[in-house]
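Heads up: the sequence shown is residues -14 to 274, going by this note's numbering.
Where is the CB? At the ideal position from N, CA and C, for every residue including glycine.
It should be emphasised that the depicted structure is a prediction, and the values quoted were computed from it without experimental measurement.
So the structure is just underneath, and the comments pick up after that.
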Amino acid sequence: MTYAVYLPLILPALLAVAARRAGDRLGPRNGAVGLTLAGICAAAATVWALALLALTLFDDLPSMSARAPGLPEPVPDWVALTAAAAIILAAGSAVQDLHQRRSPVRLLRSDQAAAGDVVMAADDEPLAVALPGRPGRILLTTGMVRLLGPRERSAVLAHERAHLTHRHHLLMATAGAAAAINPLLRPVRDSVAYLIERWADEEAATELGDRDLVARAVAKAALATTDRTPALGVHGGVVVRRVRALRCPPRPVTGRTMAALVVTAATAVAAAIIATSDFVVLLHTWLVA
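Now the structure itself:
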């Protein structure tokens, strides 16, 4: 097998570098969706490349060794075994990440009575989070109600409704799974989290027609909130950057950063396809030997 099988394992590092720059260079909506798609493509290519490496252990099966001793060994056995172990670890990490995201949401949704789409909770901790589900809800604590004025509460509710309307939890879960599969993609996950919050900020600002109001609500909620639940909330993301983005005129969006993301993810997928072709040739050699 050629070097192509290793490219999907290291190209996510380039994607991570691009993701760090993407947060302020891409529009929130396009950036969040584009980064999520690029991340999951890179993660899928990673798993496929690891699977191909692990499958090279096929020639070590007793039936194959007895049938045709001296078969070509494309990679050392320790590399194949490491790849197999990495697949198991990646699967476990992805399942754990999903569980960590869903459990707090289930806990927050339970034992709460709702009037409309807003769930009021008697808690001094200022908290406002979107609770995806059927139907989606917004959890608002009495601490948050006391903290914010009526117009600021409207901004927070508009922000949380944007999370529910655009199903941001699915993007975040996908980006989180990609980072769990390949830790090199953690900057991608973090950038997606920031862009999702920026997306909701912009939706709230458009709905209310007051960017300063949304910036003020975001800042007050973030400064008062200590909760770090994975549920999407107005306190999330890099708050200073979010407030600055709301206070300043939107920057012109260029296509170069998005093009870099697409090219990097596409290269990882193409390398996985080439590696698959190499493995098919190798497998044919083994079977006809």
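{"Asked": "Beta-carbon proximity of residue 35 to residue 256, cut-off 8 angstroms", "Found": "no"}
{"Asked": "Cβ-based neighbour list, residue 186, same chain, cut-off 7 angstroms, excluding 5 preceding and 5 following", "Found": "144, 199, 203, 227 and 231"}
{"Asked": "Cβ pair residue 4, residue 79 closer than 8 angstroms", "Found": "no"}
{"Asked": "Beta-carbon proximity check, residue 65 vs residue 39, cutoff 8 angstroms", "Found": "yes"}
{"Asked": "Proximal residues to residue 123 (C-beta, below 8 angstroms), its chain only, five neighbours per side dropped", "Found": "102, 103, 104, 113, 114, 115, 116, 142, 145, 146 and 149"}
{"Asked": "Segment contact, 8 angstroms Cβ cut-off, at least three pairs: the region 16 to 35 with the region 191 to 198", "Found": "no"}
{"Asked": "Check whether residue 194 and residue 174 have beta carbons under 8 angstroms apart", "Found": "no"}
{"Asked": "Neighbour-count burial assignment, residue 170, 16 or more Cβ in a 10 Å radius", "Found": "buried"}
{"Asked": "Short Cβ contact (8 angstroms threshold) for residue 259 with residue -11", "Found": "yes"}
{"Asked": "Residue 176 versus residue 11 - alpha carbon distance", "Found": "11 angstroms"}
{"Asked": "CA-to-CA distance, residue -1 to residue 159, given in whole angstroms", "Found": "19 angstroms"}
{"Asked": "Candidates 134, 207, 249 and 67, of which the one nearest residue 20 by Cα", "Found": "249"}
{"Asked": "Length of the line joining the Cα atoms of residue 267 and residue 61", "Found": "15 angstroms"}
{"Asked": "Opening and closing residue of the beta strand (DSSP E) in which residue -11 lies", "Found": "Segment: none, residue -11 is in no beta strand (DSSP E) and carries neither H nor E."}
{"Asked": "Distance between residue 151 and residue 70 (C-alpha atoms, nearest Å)", "Found": "37 angstroms"}
{"Asked": "Where residue 119 sits in the DSSP three-state scheme", "Found": "coil"}
{"Asked": "Simplified DSSP assignment, three categories, for residue 190", "Found": "helix"}
{"Asked": "Three-way DSSP call (helix, strand, coil) for residue 124 in this model", "Found": "strand"}
{"Asked": "First and last residue of the uninterrupted beta strand (DSSP E) at residue 106", "Found": "103 to 106"}
{"Asked": "Coil, strand or helix - residue 80 by DSSP", "Found": "helix"}
{"Asked": "Neighbourhood of residue 242 by C-beta distance below 7 angstroms, restricted to the same chain and skipping five residues each side", "Found": "3, 6, 7, 10 and 11"}
{"Asked": "Close Cβ partners of residue 184 (< 8 angstroms) along its chain, the five nearest in sequence each way excluded", "Found": "13, 14, 17, 147, 151 and 153"}
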